[in-house]
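Everything below concerns the one structure shown next.
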Amino acid sequence: MIKKFTGICRCGKFFLLFTIFKRYLLENDVDAGHIIEITLNSIKNEELRDLKVCFKFIKDCWKYYLLLDEVQFMLQFEEVLNSLLLWIPMFT
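So, in structure tokens, the structure goes:
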């Protein structure tokens, strides 16, 4: 399942996702090791801006909660989502 939050800059999307939603997951018995946080505007995640690298990374983590921020730093991010939507139903 894919959920998307949109809004103007500095309106609280990051806080909603990385604080409130993460807290919700933890309070509902999701193991902290199964929550992966990625901010694509960070240099440490620069390699994940490549759509093929990102697709492989997400595919390898498909049983985890993946929290992504700043997806506009990856060109063609929609292709990653479309590819995942085609791939995931085979394993659910």
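Those letters in the sequence shown? Residues 1 to 92, per our numbering, in order. Think of the CB as a built atom: it goes at the ideal place given N, C-alpha and C, for glycine as much as any other residue. This one's a predicted model, so the numbers in the text were calculated from it and none came from an experiment.
| query | result |
| --- | --- |
| Can you have a look at isoleucine 2 and say buried or exposed, based on whether 16 or more other CB atoms are within 10 angstroms of its CB? | exposed |
| For the beta strand (DSSP E) holding tyrosine 65, just list the boundary residues, first then last. | 65–69 |
| With a threshold of 6 Å on Cβ separation, who are the neighbours of glycine 12 within its own chain once the five nearest residues in sequence on each side are excluded? | none |
| Kindly indicate which residue of Asn41, Ile43, Lys22 has the alpha-carbon position closest to the one of glycine 33. | Lys22 |
| Here's the rule: buried if 16 or more other CB atoms are within 10 angstroms of the residue's CB, otherwise exposed. What is cysteine 54? | buried |
| Name, in chain order, the residues that DSSP records as bridge partners for phenylalanine 46. | First, the residue type needs correcting, since residue 46 is glutamate and not phenylalanine in the sequence shown. Paired residues: none, contrary to the question. |
| Isoleucine 8 to tryptophan 87, Cα distance in whole Å? | 31 Å |
| Taking buried to mean at least 16 other C-beta atoms within 10 Å of its own C-beta, is asparagine 82 buried or exposed? | exposed |
| So for isoleucine 2, helix, strand or coil by DSSP? | coil |
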